[in-house]
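Visitor: My questions will all concern the structure given below.
Protein chains: 2
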Amino acid sequence: MRVWSVFQSDPIFSPPKIPMNTEEEKRLTAKQLVNFLFSGLFDGIHDMCYREKTLYLMAINEATEMFNPNLSIKFALGISLFSNALLCLGTERHLPYYYDVWGGKILSCLAITELAHGSDTKRLKTTATYDHSTQEFIINTPGIEAAKCWVGNLGKQCTHALLFAQLVCSGSCHGLHGFIVPIRDPKTLIPYENLTVGDIGEKSGLHGIDNGYIMFHNYRIPKKNLLNKTGDVNDDGEYETEFSDPQRILGAALESLSAGRVAIMQESCNSISKAVVISVRYAAQRCQFSDSNGIELPIIEYQTHQWRLFPYVAAAYAIKSFVQKFSDQYISCVVQSQDGQMDVDQTSLMVSGVHAIVCCSKSLITWTCRDAIQESREACGGHGFHKAARLGDLRNNFDPRVTFEGDNTVLLQQTMNWLLRCTSVNEDYYSFFPLTCIKYLQNSKQILGRRFNGNRLEHVICHSFISQTYEWLVCWLVKATCERIDVLKTQEDDKFKIRNFSQVFRGRTLALAFAESNILMYFWDHCNTCDDELAFVLKKLYYLYGLWSLYKHIALLYQGGFSSSSSLSELISEGILVLCSELKPEVVSLVDAIAPPDFILDSALGASDGKVRYKWHVHVQ
Amino acid sequence: MRVWSVFQSDPIFSPPKIPMNTEEEKRLTAKQLVNFLFSGLFDGIHDMCYREKTLYLMAINEATEMFNPNLSIKFALGISLFSNALLCLGTERHLPYYYDVWGGKILSCLAITELAHGSDTKRLKTTATYDHSTQEFIINTPGIEAAKCWVGNLGKQCTHALLFAQLVCSGSCHGLHGFIVPIRDPKTLIPYENLTVGDIGEKSGLHGIDNGYIMFHNYRIPKKNLLNKTGDVNDDGEYETEFSDPQRILGAALESLSAGRVAIMQESCNSISKAVVISVRYAAQRCQFSDSNGIELPIIEYQTHQWRLFPYVAAAYAIKSFVQKFSDQYISCVVQSQDGQMDVDQTSLMVSGVHAIVCCSKSLITWTCRDAIQESREACGGHGFHKAARLGDLRNNFDPRVTFEGDNTVLLQQTMNWLLRCTSVNEDYYSFFPLTCIKYLQNSKQILGRRFNGNRLEHVICHSFISQTYEWLVCWLVKATCERIDVLKTQEDDKFKIRNFSQVFRGRTLALAFAESNILMYFWDHCNTCDDELAFVLKKLYYLYGLWSLYKHIALLYQGGFSSSSSLSELISEGILVLCSELKPEVVSLVDAIAPPDFILDSALGASDGKVRYKWHVHVQ
């Protein structure tokens with residue numbers, strides 16, 4: 001892949017040889033960004049169609065994130081997401097910014113979150129009030145709690161912000177709109193007057209990103225800086241919007257809402273792979289303790305170690321196959337909606353469905369990845385704590401993903417809402433993507449009648465058990481959540497409170513269980529497209545990921561009456577151990593197959609030749 | 001407490017105002033150590049008796065660790081543990097080192113772990129071969145895999161190592177012994193010849209500690225540097241050991257093995273408290289989303305948020321009450337064994353029992369604390385990722401505890417072994433501490449006959465349900481583990497392998513379930529010593545921690561036939577939610593009660609006055 005050669009050929013991208021403080025890391029990342037932008041990777045980008053361009057940028061993002069998450073984020077915020085948003089929300093008059101940002105003349109940031117409000121975007125308080133006398137918007141921050149903050153690139157380096165503020169015109173507020181707001185002189189990087197802007201200081205990771213805050217003190221920008229695709233101020237100084245083409249608005253919303261989360265899922269695939277590659281390779285060559293004959297065993301031979309790591313190897317495969325296919329479907333949806341191939345109803349159904357699936361999948365995947373990284377770190381023992389093991393940096397740089405682009409806990413509620421709404425949708429719609437994923441909800445009554453009567457391992461280590469049990473679980477959780485809501489309705493009028501008190505053990509679990517079942521469905525389909533030899537191993541990974549995920553829900557399987565026999569728990573747990581043991585010979589070669597190019601793991605603890613390459617050996621002279 | 005005023009009065013202890021790299025952090029910690037040692041805190045230390053001195057040093061360690069974990073670890077490795085080990089393993093001839101280290105003339109490190117072996121200490125390969133002709137030991141490192149590594153203080157600053165090496169004399173190896181080995185000239189800190197010594201480089205946390213590696217190239221030290229309490233080389237050059245006083249050896253072993261883990265448990269109490277104090281205070285004042293009347297709610301009002309955090313508040317209390325009482329019992333045991341108040345059998349029973357309880361408790365507590373920190377970080381949303389929230393540093397500095405002083409996974413096996421051995425111990429011994437903790441194993445048969453038939457919340461929110469269910473669970477897991485071992489015996493001769501393949505869902509879970517039940521037992525006893533008003537709240541925390549912990553084992557409760565009714569899972573989960581909701585008004589005041597002094601949390605996100613004090617507000621001018 002061309003991006004690797006860029007990183008390999010320019011020493012600016014090499015990991016620093018001496019310890020750096022966070023200020024130095026920020027400067028380094030800024031320099032890297034310039035070389036990255038002018039590396040030639042993006043030369044043909046403006047001639048590509050939407051699909052081609054998106055896939056190309058996604059691939060580059062994945063590769064870059066794997067190598068240097070600071071750089072990929074800096075690039076996304078400063079260039080690719082900004083230029084994307086311009087095309088989505090702006091019109092022809094904004095095209096110069098598009099070319100300037102790709103030409104390295106300006107650098108952007110996306111200013112949405114405020115100090116007091118992140119998830120609840122409706123409460124954002126920054127205003128952009130139209131002054132017809134000067135044809136300007138006056139941007140103002142009403143108080144410290146409305147300071148834009150956490151904005152990546154804003155701390156020290158951006159020249160322009162894509163600002164989201166409440167548009168006020170003729171005394172009325174028309175909701176959040178996007179504006180292009182100059183922040184710093186592109187030549188000197190000195191901030192303009194009437195702004196209070198700076199860096200928020202040190203964080204737990206992503207030290208190369210200059211996250212910043214800003215307060216606007218009646219700061220004026222030209223009227224034309226409003227991104228006016230969905231609404232504008234006319235020559236009379238009145239706000240106007242045309243709803244004649246709503247699917248385009250919806251499509252735009254889908255694009256800007258979901259794209260970031262899809263990217264996070266793609267990045268997570270690589271993060272989980274990196275983590276398990278490091279820990280499994282280490283386990284294959286690290287020996288500790290000996291059997292009764294005095295022969296030292298590689299720690300991968302230990303049951304506990306297999307059980308700790310192999311389910312994450314399985315998860316890495318399951319997630320990867322889901323994300324690849326789903327990303328593709330997602331892009332097709334955007335293209336279809338942009339091309340006007342869907343009617344309003346279809347677009348609306350598609351947008352809400354894709355959003356719901358992205359919400360629960362992003363949550364499940366980032367949490368799984370978080371846990372895989374920590375388990376890998378611990379499975380490498382003390383050595384896992386060394387910087388050269390890369391697991392500490394991986395953890396700290398990965399960590400924000402569980403709360404950014406939507407806090408996972410908040411996102412899960414969106415999926416729950418969608419699933420409950422879908423129970424009353426027109427039957428015909430179930431043949432329409434992505435409602436195809438929950439077609440089985442139609443047969444809920446029949447599914448809830450299922451009972452487990454197995455008594456042998458092959459009754460659980462099979463596709464039908466896993467898929468049917470998950471169908472039962474999702475249907476039961478839909479029913480149980482609805483019942484909980486009904487009970488709450490007799491005690492409480494406030495819909496908001498009712499929803500909040502039907503989350504734990506109910507709506508929240510429903511969203512996660514649905515995400516698991518959906519990923520498993522995609523993974524199974526993928527297994528069946530592979531040749532027999534590969535499918536044989538992949539299916540074992542499918543069973544392992546399926547049983548391991550189901551084991552977390554056993555309480556509900558008993559609680560809902562899916563089984564009252566001890567054999568359910570016994571067989572699932574036994575199945576997990578048997579699969580781990582059977583997979584042992586495969587896993588080492590599997591992790592090599594999913595490993596990113598060698599040089600990325602150069603400094604990782606384990607290496608593909610099975611020998612330890614402790615980077616810090618070089619200190620020993 | 002006097003230690004706070006030391007930290008407050010000397011600016012060297014203030015958190016650095018500008019970003020530092022890891023080299024700078026190491027230098028700062030070294031300077032802090034000097035001021036700490038000469039702060040006057042340790043002036044009377046040599047006149048204290050063992051009990052008084054140990055409690056005093058433990059208290060100082062706890063406070064220091066809370067404030068600055070780098071300093072507490074540097075002090076422990078460099079001074080307190082070293083001087084302790086000298087008294088334990090050395091004799092009068094080593095006293096000068098004792099006074100030198102307390103006098104700041106020398107600084108030590110504890111060199112045990114080698115590159116290829118940590119947990120398996122029997123395989124350590126560094127040798128100390130006695131040369132009778134010169135009355136010296138020749139220390140040698142046979143290969144890179146035997147390089148001592150990860151040794152704190154060794155990287156740059158220590159002058160002496162307390163080295164553990166295989167003592168070879170007259171051609172025979174007599175096992176690991178402790179030696180005092182000069183490493184650097186105390187005046188210049190230049191290493192002596194025939195040593196390859198250096199810093200292992202950057203880590204994921206504890207950046208203030210200079211962890212190092214060392215290889216010895218036939219490096220000679222005087223014979224008298226052998227710590228000779230348990231064995232020595234006589235004037236004829238022969239190795240001698242006297243086993244006439246074995247309980248003293250055992251007592252010494254107990255002291256040196258368990259003391260570090262007890263300290264980790266004490267430190268964990270503070271770490272979990274810090275984490276939940278930060279996240280609960282934040283939740284009490286952070287508002288997000290509004291009810292149907294448009295009133296914004298503090299996020300602590302949300303069911304999901306309560307369920308995420310309150311069990312960790314309960315765990316903080318449960319763990320604290322266990323660790324306080326158990327530490328005291330532990331010190332009493334050491335004193336009794338040192339004073340010769342126990343016979344050999346009693347000492348041996350006590351040593352192995354205390355070791356087993358420490359092993360599983362250290363594992364459970366550090367994992368619980370790890371999870372509490374991460375949940376707290378996520379519960380603070382994006383702001384939890386800021387350095388000022390302290391949760392990132394807390395996570396990275398706490399993290400090594402799950403693998404150091406015994407990898408948790410390895411430690412759990414020790415507890416399992418002990419529990420299985422105890423099933424065949426003489427009945428009389430059950431009245432002897434710490435076997436009192438598992439007295440109920442005697443009634444295993446009767447306990448395993450218990451069944452759950454409850455159908456109301458009060459049947460699970462009560463002491464008898466929690467304690468009796470845990471007794472059942474521990475007894476069942478003992479039985480199930482033995483059965484698994486018996487089955488494996490029919491397939492496999494190797495005892496080592498049999499043990500390894502009876503861990504997951506069995507021995508490992510047994511050790512953790514026992515640790516939980518034991519902590520709950522201590523916590524309940526503590527609740528009953530408090531006045532009614534306090535006990536009322538503490539008991540709710542007991543129920544919450546109990547039910548929340550039991551919920552994780554529901555699969556086994558069904559699998560073992562403790563219940564086949566859906567109400568078990570239903571009532572436990574409902575009980576958790578009811579307790580969370582009931583505890584809400586209390587929790588905010590509770591976290592203030594466990595909060596460390598205010599200035600420690602100065603830069604934390606939430607503050608006791610209920611207002612946000614984002615430290616980085618100072619940037620906004």
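Chains as they are written, first to last, in the UniProt record's numbering: chain A, 1 to 621; chain P, 1 to 621.
Think of the CB as a built atom: it goes at the ideal place given N, C-alpha and C, for glycine as much as any other residue.
Keep in mind that this is a model prediction, so the values were computed, not measured.
(1) Would you call the segment 339 to 348 of chain P in contact with the segment 550 to 565 of chain P, where contact means no fewer than 3 C-beta pairs closer than 8 Å?
(2) Am I right that K362 (chain A) and F385 (chain P) are in contact with their C-beta atoms under 8 Å? What's the rounded C-beta distance?
(3) Along the segment 495 to 524 of chain A, where does the CB come closer than 7 Å to a CB of chain P? Name the residues.
(4) Reducing DSSP to helix, strand and coil, say where L78 (chain A) ends up.
(5) Is the Cβ of Y312 (chain A) closer than 7 Å to any Cβ of chain P?
(6) State the DSSP-derived secondary structure class of Y130 (chain P), mapped to helix, strand or coil.
(7) Hey, is N21 (chain A)'s beta-carbon within less than 7 Å of any beta-carbon in chain P?
(8) Determine the direct distance from the alpha carbon of D393 (chain P) to that of L37 (chain P), and round the result to whole angstroms.
(9) What does the alpha-carbon distance come out to for the pair N68 (chain A) and V402 (chain A)?
(10) Counting only runs that start and end within the UniProt domain "Acyl-CoA oxidase/dehydrogenase middle" (109 to 218) of chain A, where is the beta strand (DSSP E) found for 3 or more residues in a row?
(11) Rounded C-beta distance between H217 (chain P) and I183 (chain P)? I'm assuming under 8 Å.
(12) Which class does residue 676 (chain P) belong to by DSSP, given the choice of helix, strand or coil?
(13) According to DSSP, is M553 (chain A) part of a helix, a strand, or is it coil?
(14) Given a cut-off of 7 Å on the beta-carbon distance, is the pair S108 (chain P) and L162 (chain P) in contact?
(15) Taking only the alpha-carbon atoms, compute the straight-line gap between L579 (chain P) and R456 (chain P) and give it to the nearest angstrom.
(16) Roughly how many whole angstroms lie between the Cα atoms of L441 (chain A) and T423 (chain A)?
(17) In the DSSP assignment, find the unbroken beta strand (DSSP E) run with P585 (chain A) in it and report its ends.
(18) According to DSSP, is I221 (chain A) part of a helix, a strand, or is it coil?
(19) Count the other CB atoms within 10 Å of the CB of residue 624 (chain A); is the residue buried (16 or more) or exposed (fewer)?
(20) My understanding is that C437 (chain A) touches N518 (chain A), with C-beta atoms under 8 Å, so please give their C-beta distance in whole angstroms.
(21) Rounded C-beta distance between T64 (chain A) and V3 (chain A)? I'm assuming under 8 Å.
(22) Short of 9 Å Cβ to Cβ, which residues in the segment 382 to 398 of chain A face chain P?
(23) Give a yes or no on contact between the segment 515 to 533 of chain A and the segment 304 to 320 of chain A, applying the rule of three or more CB pairs nearer than 8 Å.
(24) Which same chain residues, not among the five before or five after M20 (chain A), have their C-beta less than 6 Å away from its C-beta?
(25) Is E582 (chain A) close to chain P? Criterion is C-beta to C-beta, closer than 7 Å.
(26) Report all residues from its chain with a CB closer than 8 Å to the CB of L297 (chain A); omit the five preceding and five following residues, and keep chain order.
(27) Three-state secondary structure (DSSP) at S332 (chain P)?
(28) So M380 (chain A) packs on Y282 (chain A), CB below 8 Å; how close in whole Å?
(29) Using beta-carbon positions only, say whether L110 (chain P) and L71 (chain P) come within less than 7 Å of one another.
(30) What's the gap between the Cα of F60 (chain P) and the Cα of I45 (chain P)?
(31) Is W150 (chain A) close to chain P? Criterion is C-beta to C-beta, closer than 7 Å.
(32) Apart from the five residues just before and just after G104 (chain A), which ones in its own chain have a Cβ nearer than 6 Å to its Cβ?
(33) Under a Cβ-count criterion, where at least 16 other Cβ atoms within 10 Å of its own Cβ denotes burial, should I18 (chain A) be classed as buried or exposed?
(34) Go ahead and label R308 (chain A) buried or exposed: buried means 16 or more other beta carbons lie within 10 angstroms of its beta carbon, across all protein chains shown.
(35) Could you check whether the Cβ of S566 (chain P) sits closer than 7 Å to any Cβ belonging to chain A?
(36) Would you list, in sequence order, the uninterrupted beta strand (DSSP E) runs of no fewer than 3 residues that lie entirely inside the segment 263 to 311 of chain P?
Guide: Let me spell this out:
(1) No, because fewer than three Cβ pairs between the segment 339 to 348 of chain P and the segment 550 to 565 of chain P fall closer than 8 Å, the two stretches do not touch.
(2) Not a contact, Cβ separation roughly 17 Å.
(3) K495, F496, K497, N500, F501, Q503, V504, F505 and R508
(4) The residue you asked about is not Leu; residue 78 (chain A) is Gly in the sequence shown. Three-state result, G78 (chain A): helix.
(5) no
(6) strand
(7) yes
(8) 24 Å
(9) 19 Å
(10) 127 to 131, 136 to 140, 148 to 151, 160 to 169, 172 to 182, 195 to 199 and 212 to 216
(11) H217 (chain P) to I183 (chain P), Cβ: 13 Å. No contact.
(12) The requested residue 676 (chain P) does not occur in the structure, where chain P is confined to residues 1 to 621.
(13) Contrary to the premise, residue 553 (chain A) reads as His rather than Met in this sequence. If DSSP states are grouped into helix, strand and coil, H553 (chain A) belongs with coil.
(14) Yes. Within cutoff.
(15) Taking the straight line from one Cα to the other gives about 14 Å.
(16) 7 Å
(17) For P585 (chain A), there is no enclosing beta strand (DSSP E); the enclosing alpha helix (DSSP H) has its first and last residue at S566 to I594.
(18) Here I221 (chain A) sits in strand by DSSP.
(19) This structure leaves residue 624 (chain A) out entirely; chain A is present only between 1 and 621.
(20) 5 Å
(21) 7 Å
(22) G382, H383, G384, F385, H386, K387, A388, A389, L391, G392, D393, R395 and N396
(23) yes
(24) none
(25) It does not: the Cβ of E582 (chain A) has no partner Cβ on chain P nearer than 7 Å.
(26) C287, Q288, F289, S290 and D291
(27) helix
(28) Here the sequence assigns Cys to residue 380 (chain A), which means Met is not the residue at that position. Yes, C380 (chain A) and Y282 (chain A) are in contact; Cβ-Cβ is about 5 Å, under 8 Å.
(29) A distance of 7 Å or more separates the beta carbons of L110 (chain P) and L71 (chain P).
(30) Position check: residue 60 (chain P) holds Ile in this sequence, whereas Phe was assumed. Rounded to the nearest angstrom, the two C-alpha atoms are 12 Å apart.
(31) yes
(32) L37
(33) exposed
(34) buried
(35) yes
(36) 287 to 290 and 296 to 298
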